[in-house]
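Student: Top line first, the protein sequences correspond to chains A and X. Each residue of the first sequence is one higher than the last, beginning at 1 in this note's numbering. Each residue of the second sequence is one higher than the last, beginning at 1001 in this note's numbering. Glycine residues also receive a C-beta, built at the ideal position from the N, C-alpha and C atoms. Handing you this structure, nothing more for now.
Number of protein chains: 2
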Amino acid sequence: MKRLIIDMDDVMADSTGQFIEIYEKEFGVRILREELNFKEEMEGFPTHHHEEIYNFTFRKNFFRTMKVNESSQEVVRRLNGKYELFIVSSAMEYPNSLNEKLDWLGEHFPFLNWKQFVFCGSKAVVYGDFMIDDMVRNLETFNGEKFLFTAPHNLQYNHFNRLNNWKEVEEKFL
Amino acid sequence: MKRLIIDMDDVMADSTGQFIEIYEKEFGVRILREELNFKEEMEGFPTHHHEEIYNFTFRKNFFRTMKVNESSQEVVRRLNGKYELFIVSSAMEYPNSLNEKLDWLGEHFPFLNWKQFVFCGSKAVVYGDFMIDDMVRNLETFNGEKFLFTAPHNLQYNHFNRLNNWKEVEEKFL
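Listed below in structure tokens is the structure:
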């Protein structure tokens, strides 16, 4: 069975949406998703708020209340069993996120087993046949076949195969 | 730089000692470390207490208050920099343990960076040149060179190279 490694933030979970929501609550301005296109993470938000925005990630429930990306549950459920599936998330930077991510997976992906979860600092240590991730740096250290999952902050990169949404994951892997 | 993967429980941390301590507090009987020799985990403790003993691992501070194994700090400090070091721990089964292990590493191994930590369910997903682990099942799925770190519960296994203590890790790797 081929091993498929899937990222959480901005792949399974709508992190970009979470930043937009909290930013609006905090500063009264709704940033459009399109305004973030082709800009590194944060760069689409006003510069003088970058520190506050980074600190959102340390707030209680930031990771726990993220929305699930469209069709990800259904497609992950079907991938599971056809592939040796691992959910690998860079969580170590945000100590709060460890249990919140575990609970989030338990709620939204209850058919996965805890043996399939990996919370790391660097993804350089994992290996597999395929990796789906929104971060170029995670794909760069991976030895298998790499797929960049489209997010506003990665539209400027064109050196990896791209999967634009979960329907495309389905078409590619199922 | 060669990648070295090191386990926490019963390698860096004295988990066996923690079980013995809590068992004595709970049941008034001091089990000697030697009584656990050559027996699978738990098997050295009275059978009618196995469920309670397993439940120790879900108690607050079980992982946070473990003692550090002798010489591990000094040797890990010297290994760090000479090897690409990752601390890989099977933590996902015990949700409490995630933050406790992170805090424990921060206290006792402050010279390590969070990028070097991996909390997983299954270690089959990590790769490297060397792995030091007390669990045969973790070594079995590893593709690099494997070293069984001696613990009472693994004395009956002889199909891996063995490191009996941190002095032997030092001699082998430094």
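1) Please give me, in chain order, every unbroken run of the alpha helix (DSSP H) with length at least 4 that falls completely inside the stretch 31–107 of chain A.
2) Show which residues of chain X have a CB atom less than 9 Å away from the CB atom of residue 127 of chain A.
3) Could you pull the start and end residues of the beta strand (DSSP E) that residue 161 of chain A belongs to?
4) For residue 79 of chain A, decide whether its Cβ has a neighbour in chain X, counting only Cβ atoms nearer than 8 Å.
5) Examine chain A for any beta-carbon lying closer than 8 Å to the beta-carbon of residue 1018 of chain X, and answer yes or no.
6) If the criterion is Cβ atoms closer than 8 Å, does the pair residue 144 of chain A and residue 160 of chain A meet it?
7) Across which residues does DSSP place residue 1006 of chain X in a beta bridge pair?
8) Hey, is the stretch 52–64 of chain A in contact with the stretch 156–173 of chain A, meaning 3+ C-beta pairs nearer than 8 Å?
9) Cα separation between residue 1043 of chain X and residue 1026 of chain X?
10) So, with DSSP's three-state summary, where would you put residue 1147 of chain X?
11) Are the Cβ atoms of residue 33 of chain A and residue 57 of chain A separated by less than 8 Å?
12) Please determine, among A:79, A:84 and A:73, the residue with the shortest C-alpha to C-alpha distance to residue 106 of chain A.
13) On the three-state DSSP scale, how would you describe residue 1019 of chain X?
14) Does residue 1027 of chain X come out as helix, strand or coil in the three-state DSSP assignment?
15) When the Cα of residue 166 of chain A is compared with those of A:151, A:49 and A:38, which residue comes out closest?
16) In chain order, what residues of the same chain lie with their CB nearer than 6 Å to the CB of residue 20 of chain A, ignoring the 5 residues before and after it?
17) Name the chain X residues that come within less than 8 Å of residue 121 of chain A, Cβ to Cβ?
18) What three-state label does DSSP hand residue 173 of chain A in the structure shown?
19) Using the Cα positions of residue 54 of chain A and residue 1124 of chain X, report the straight-line distance between them to the nearest angstrom.
20) Take residue 1103 of chain X as the anchor and find which of X:1092, X:1081, X:1126 and X:1117 has the nearest alpha-carbon.
21) Does any C-beta atom of chain A lie closer than 8 Å to the C-beta of residue 1051 of chain X?
22) Give the DSSP bridge partners of residue 1117 of chain X, in chain order.
23) Quick one: using the 10 Å Cβ neighbour count with 16 as the cut-off for buried, is residue 86 of chain A buried or exposed?
24) Does residue 1024 of chain X come within less than 8 Å of chain A when only Cβ atoms are used?
Tutor: This is what the structure gives:
1) 50–56 and 72–79
2) 1125, 1126, 1127 and 1143
3) DSSP places residue 161 of chain A in the uninterrupted beta strand (DSSP E) bounded by 161–163.
4) no
5) no
6) No; because the gap between Cβ atoms is not below 8 Å, this pair is not in contact.
7) X:1087 and X:1132
8) Contact between the stretch 52–64 of chain A and the stretch 156–173 of chain A is absent, because fewer than three Cβ pairs lie under 8 Å.
9) If I take the Cα positions, the gap works out to 18 Å.
10) strand
11) The Cβ atoms of residue 33 of chain A and residue 57 of chain A lie no closer than 8 Å to each other.
12) A:73
13) helix
14) helix
15) Residue 166 of chain A has its Cα closest to that of A:151, out of A:151, A:49 and A:38.
16) 31
17) 1113, 1114, 1115, 1116, 1117 and 1118
18) helix
19) 33 Å
20) X:1117
21) no
22) X:1087
23) buried
24) Not closer than 8 Å to any Cβ of chain A, the Cβ of residue 1024 of chain X fails to qualify, so no.
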